[in-house]
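Going by this note's numbering, the letters in the sequence shown line up with residues 32 to 614, in that order.
Single-structure report; data block below.
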Amino acid sequence: MPDTILRLALPSPLRRLFDYLAPQGVPHAALQPGVRLRVPFGRREVVGVLVEVAQHSEVPADKLKPALQLLDRTPPLPAPLFKLCLWTAQYYQHSLGDTLNWALPVLLRQGEPAEVRQERYWHATEGASADDPRLARAPRQREALRTLAQHHHGVPHGLLSKLQLNKDSLDLLLEKGLVRVEVRRSTPLVRHGGWLAQPELPLNAEQRAAFNAVQSGMQGFGAFLLYGVTGSGKTEVYLQLIRHCLEAGKQALVLIPEINLGPQTVERFARRFNARIALLHSGVNDRERLDAWLAARDGEADIVIGTRSALFTPLKHPGLIIVDEEHDASYKQQEGLRYHARDLALVRARQEHLPIVLGSATPSLESLHNAHAGRYALLKLTQRAGGAQQPRFLRLDVKSLPLDAGISGPLQQAIRQTLEAGQQVLVFLNRRGFAPTLLCHDCGWISQCPRCDARMTLHQRHNELRCHHCGHVERPPRNCPECNQVDLRPVGAGTERAEERLALLFPQFPVLRIDRDSTSRKGAMDKLFATINKGEPCITMEHSLAGQAYRNIVGRICGEDIPFMEFPKEGFFQRLKHRVFGA
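Structure, rendered in structure tokens:
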């Protein structure tokens, strides 16, 4: 009987499959396409994905190695998502092994079981009492038993420290038979009173027309471009479409461009829905990401919110895909597997027969072209929701004005007047770090990246020169590498420098810097949002012009008429205004 040959996709840049023999003792029926196997590869072991089973191989029989271990009973990637990965690898001319590697969470790439984590729960046994004579001289055990008795569903092992429960005391109670340990999955959310946790907002005529257009096409594939001006209520249309999707017993996938928008989006969705919401992005730790991924796959997450990589999240009952700010360049993956999440979302929607909504106040040219060509249904929202007025735009030409860390005198005056009026200020500066470059004042040397053609950005807080293009990092030199002089000066202003200067100019008001450096720690963004939501005067320094969410927060607190001061090249503002408002 011929040997069973397994053709595996391995995490390798080589665009080919690798042949292995089936592991000993594994039945043929268990070898389904999509399951993971641990195999020897050179001097190391890697986790590969089975693509097909064959009866012969072009590799000589004496060179074929057996796979070491079958890791899955069923494929972790459902068939539709596996098909999407095959299409992605072919279209973007990337190796299938690397493509499947990108689609799987980190822990699954490392061979972890594709199963929801089991957790230990501590319970007080029935009839156990803190008055038990065996606890007369054990006050800590007695107090621990009283605490457990108050939690009828049990206390997860991970929360023992928060409840000030000592593990040694619990072990002693376990020996005495006063507590028991149960190993089970986390208790899923139980909904009460339907899907809505708060009433929906009324839709105006344009919002209602957009909602009806998408709702009528929910039974199959359809691409909709929701082209709405800032503040026109696109998110409310999303929310009501998601409610319709949930009522049909389906799941919704929402893609957002920035990690920083995640907590705010989840909070808004959680306020609206009695639903299980999963958040996936690179800021979530590996264990939490796998738990959310598995919950979505098993149908235990009703709404999945994430950045571009969340596109590869499996859904048991897919019903709707939404791509917010579809024009944003953050949807393009620039390293490894180079793909565009918006475009792949359209492919996935077509393959799985789902409606997809692309929303933006400034749609990309390709999306506008597809809408005018009839490939997408164009839905326009031209009015701001709730009768709000358009913000005033003030353009200030600073070519002849002295700048203090990139801040002109008139801008300083406008910031001071706003803060003294009890309002908040939002400053956008699209340069991260302290200064865009380091310059020798004697010979003109400029800090250039040794690995690419970009200039190195000075990050003064970490005393580093960083290339924002290729990721190279080095310490700034003490002396000029060209002339050996010491007069090295930072040129230009980044968010660090502007933050430092604004803190000196307005010491009585908090200055909050929001960029990749200041929000890298878990919980940092939540603390910044908490300060902003207090409504007290403050200055928020934001790195990216994609920070529409922060403008919305300030708008709700301070009113809708927010001046926006620009410092562009001549003619740029007119093009921006034409694109946003069609004027």
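Idealized CB from N, CA, C, for every residue including glycine.
Since this is a predicted model, take the numbers as computed values, not measurements.
- Around H188, the same chain offers E150, R151, Y152 and W153 as residues with beta carbons nearer than 8 Å, after the five sequence neighbours per side are excluded.
- For F459, DSSP records a beta bridge to E573.
- Within the same chain, S549 come within 7 Å of A555 by CB-CB distance, once the 5 residues on both sides are set aside.
- Between A380 and I352, the CB-CB gap stays under 8 Å.
- Between Q454 and T571 the beta-carbon gap is near 12 Å, outside 8 Å, which marks them as no contact.
- Counting C-beta atoms within 10 angstroms of its own C-beta, A323 has 16 or more neighbours from the protein chains shown and is therefore classed as buried.
- The beta carbon of L52 sits closer than 6 Å to those of D34, L95 and P97, all from its chain and outside the five residues before and after it, given in chain order.
- Rounded to whole angstroms, L409 and L284 show a C-alpha spacing of 21 Å.
- Excluding sequence positions up to five before and after A40, its CB lies within less than 7 Å of the CB of L48, G79, V80, V82, L127, G128 and L131, all in the same chain and listed in chain order.
- K265 carries a helical assignment under DSSP once its states are collapsed to helix, strand and coil.
- By the Cβ neighbour-count rule, V517 is exposed, with fewer than 16 other Cβ atoms within 10 Å of its own.
- For V522, the secondary structure class from DSSP, reduced to helix, strand or coil, is strand.
- Relative to the Cα of Q491, the nearest Cα in the group V522, H472, E213 and D484 belongs to V522.
- By the C-beta density criterion, Y269 is buried, having at least 16 other C-beta atoms within 10 angstroms.
- Around the beta-carbon of L68, 16 or more other beta-carbon atoms lie within 10 Å, marking it buried.
- The bridge partners DSSP lists for A283 are I334 and L351.
- Setting aside the 5 residues that flank it on each side, Q271 is surrounded in the same chain by E231, L234 and F242, each with a C-beta closer than 8 Å to its C-beta; the list follows chain order.
- Y122: not part of any beta strand (DSSP E); member of the alpha helix (DSSP H) spanning A110 to Y122, first to last residue.
- Pairing V315 with P136, the inter-Cα distance amounts to about 11 Å.
- S126 sits in coil when the DSSP states are folded into three classes, being neither helix nor strand.
- The shortest C-alpha to C-alpha distance from P91 to any of D50, Q420, V388 and A159 is the one to D50.
- Look at A85 here: in three-state DSSP terms it is strand.
- Pairing L496 with P512 gives a Cβ-Cβ distance that is not under 8 Å.
- The region 287-324 contains, as complete beta strand (DSSP E) runs of 3+ residues, the segments 308-311 (chain order).
- Counted as a single uninterrupted DSSP element, the stretch harbouring L95 is not any alpha helix (DSSP H), since DSSP gives it neither H nor E.
- Looking only at D163, R369 and A169, the smallest Cα-Cα distance to N197 is reached by A169.
- Nearest Cα to R415 within the set R104, L45, G264 and P111: G264.
- Counted as a single uninterrupted DSSP element, the stretch harbouring D359 is not any beta strand (DSSP E), since DSSP gives it neither H nor E.
- In this structure, the beta-carbon distance from P106 to P64 falls below 8 Å.
- Here S361 is actually not in contact with Y258; their C-beta atoms are around 19 Å apart, not less than 8 Å.
- In the structure shown, W226 adopts coil according to DSSP, grouped into three states.
- In the three-state DSSP reduction, L496 falls in the strand class (E or B).
- In the assembly as shown, D162 is an exposed residue. Its beta-carbon has fewer than 16 other beta-carbons within 10 Å.
- The three-state reading of DSSP puts D435 in strand, counting E and B together.
- Taking every protein chain shown into account, the CB of E267 has 16 or more other CB atoms within 10 angstroms, so this residue is buried.
- Only buried fits K281, as 16 or more other CB atoms lie within 10 angstroms of its CB.
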